[in-house]
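Per my numbering, the sequence shown runs over residues 2 to 148.
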Amino acid sequence: MEYSFYHHEASTIESTLPQLLEKSIKKNWRALVKTQIDYLPELDDFLWSFKTDSFLPHGRDDQPKMEHHPIVISSSAKTADNFQIVFLLKGSYVDNLNDVERCVIFIDGRSEESIRNERNRWQKLKGKGAKLNYYQQNANGEWIKKD
């Protein structure tokens, strides 16, 4: 299991998430996107309309037939069973990531609370010996892997 932290400064989470979800689909990975309940409807709409010529096929875990979707968005998932990748937005957690290959955690660089919370998460994971990657944007919005 690998954790990747994406520290957004020059762009928004919404500009990065679709690209990473598209890559996940190309790998034939099933993705869970966990967020706060108040953001769920907005995220759902966004994934259907982020491009004029395409969309990301997804479903919500509070709606029927979610097991058929390659991307599932949730505000309540406690486990990530049957998912290869998990995206955690807005400070979300998933208790059980046992079978997950990769967990992507987004940091909102415009929020001191987000930065502080994700630093704490990083330290806890580091203390457990987890494999961690940290990506930060430069002034041009390019992702730079930091050591």
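Every residue gets a Cβ at the ideal spot worked out from N, C-alpha and C, and that includes glycine.
Burial state of residue i, where buried means 16 or more other Cβ atoms lie within 10 Å
i	result
S16	exposed
R103	buried
D148	exposed
D39	exposed
Spatially closest choice to residue i from the options, by CA coordinates
i	options	result
P42	A131, Y4, G60	G60
L48	L21, H69, K66, W30	L21
P19	H69, N139, V105, M67	V105
H69	L33, F88, S76, T13	L33
D118	K52, D82, N134, L90	According to the sequence shown, residue 118 is Asn rather than Asp. That would be L90, whose Cα lies nearest to the Cα of N118.
K35	A81, A131, D109, D54	A81
T13	R111, M67, S50, D96	R111
Cβ-Cβ distance between residue i and residue j below 9 Å
i	j	result
A78	D62	yes
H8	Y94	no
L153	I74	In this structure the chain extends from 2 to 148, so residue 153 is not present and cannot be described.
Q124	E10	no
F107	R31	no
G142	S115	no
Q.
Whether or not the region 47-58 and the region 19-32 are in contact is what I'm after, with contact meaning three or more pairs of Cβ atoms, one per stretch, closer than 8 Å; do they touch?
A. yes
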